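**Q**
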Amino acid sequence: MPKKRDKKQWILNVSLNRWGLNKKTKVGPVSEWIRQCAPKSMEEWRQHYFEKLKQHFQREAKEYLEELGKVLYEKIKDVVLSEIGSISLDDCVKYIEDLVIKKTFEGYQREIETVHGLLEKKLEISIQPAPDEWDRGYNVDYYIEISGKCIGIQIKPLSYKQAPESHKWIESQRKAHEEFQSRYGGKVFTVFSSGEKGEKKLHNPEVIEEIRREIERLKSSSNFNS
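So that you can map any letter, position 30 of the sequence shown is 61 in the working numbering, and since no number is skipped, the others follow by simple counting.
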């Protein structure tokens with residue numbers, strides 16, 4: 032049977048971090064101290080920590096930690112519980128909708144912008160946002176203009192490629208991209224992004240060389256025609 036304390040843990044953790052009661056200035060450099068101690072047991076660590084804390088703050092360790100606990104309690108009692116009590120049903124409904132709609136969309140946009148920046152850096156060329164009609168009609172997010180012709184770039188998270196029945200999506204993209212090339216002269220390349228949160232990277236980095244070759248092809252074609 033889980034302890035009651037475990038059910039309260041999330042409130043204690045959130046409050047501790049919110050008011051910085053776990054910072055070095057409050058509890059000392061615990062990571063440094065425990066490495067110095069290299070304890071074989073929790074009791075050995077407890078004794079070492081109490082000694083270091085007393086030296087660090089010039090206070091009796093147990094008394095000092097009790098005071099920190101009182102500060103945490105007062106913050107929860109006077110601030111957190113009051114805030115929890117003020118939350119309405121409408122707040123919860125709006126929060127859930129905001130999470131799945133707004134936050135998800137903003138995260139997706141940040142991912143696309145991050146990959147766009149990586150492409151510009153690696154290709155050393157300006158990559159422009161595609162007009163809305165290109166996005167809807169040809170599934171093109173960005174484009175590179177070369178001698179009056181355009182190369183299309185589509186950015187997708189890796190999950191698109193791994194989704195069930197992805198072959199249907201791939202076939203649909205292929206047709207749209209062929210239409211784009213027929214009209215604007217350049218191929219369309221799909222760039223897949225992977226990684227966690229802000230650490231985005233190109234899942235198919237070989238596409239960089241493919242885009243470079245297409246840039247050179249369009250440049251050569253323009254020089255030949257002129």
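Just so you know, even glycine gets a beta-carbon here, dropped at the ideal spot from N, CA and C.
Given the structure is predicted, the values throughout are model-derived calculations rather than measurements.
1. Lys133 lies in the alpha helix (DSSP H); which residues open and close that run?
2. Near Asn44, what residues of its chain come up, given a Cβ to Cβ distance below 8 Å and the 5 sequence neighbours on each side ignored?
3. Measuring CB to CB, does Val219 end up less than 8 Å from His208?
4. Would you give the residue range spanned by the beta strand (DSSP E) that Gln185 belongs to?
5. Along the chain, where does the alpha helix (DSSP H) that runs through Lys85 open and close?
6. Rounded to whole angstroms, what's the CA-CA distance from Gly116 to Lys106? Just pull it up for me.
7. Leaving out five residues on either side along the sequence, give the residues of the same chain with a beta carbon under 7 Å from the beta carbon of Ser252.
8. Return the bridge partner residues of Val222 from the DSSP annotation.
9. Can the beta-carbon of Gly148 be found less than 8 Å from the beta-carbon of Tyr169?
10. When burial is assigned at 16 or more other CB atoms within 10 Å of the CB, is Gln185 buried or exposed?
11. In the structure shown, what three-state DSSP assignment does Leu120 receive?
12. Hey, Lys231 and Val171 are a contact pair by Cβ (cut 8 Å); roughly how many whole angstroms apart?
**A** Quick answer:
1. Segment: none, Lys133 is in no alpha helix (DSSP H) and carries neither H nor E.
2. none
3. yes
4. Where Gln185 is concerned, the enclosing beta strand (DSSP E) stretches over 180 to 188.
5. 73 to 88
6. 15 Å
7. none
8. Ile186
9. no
10. buried
11. helix
12. About 20 Å separates the two Cβ atoms, so there is no contact after all.
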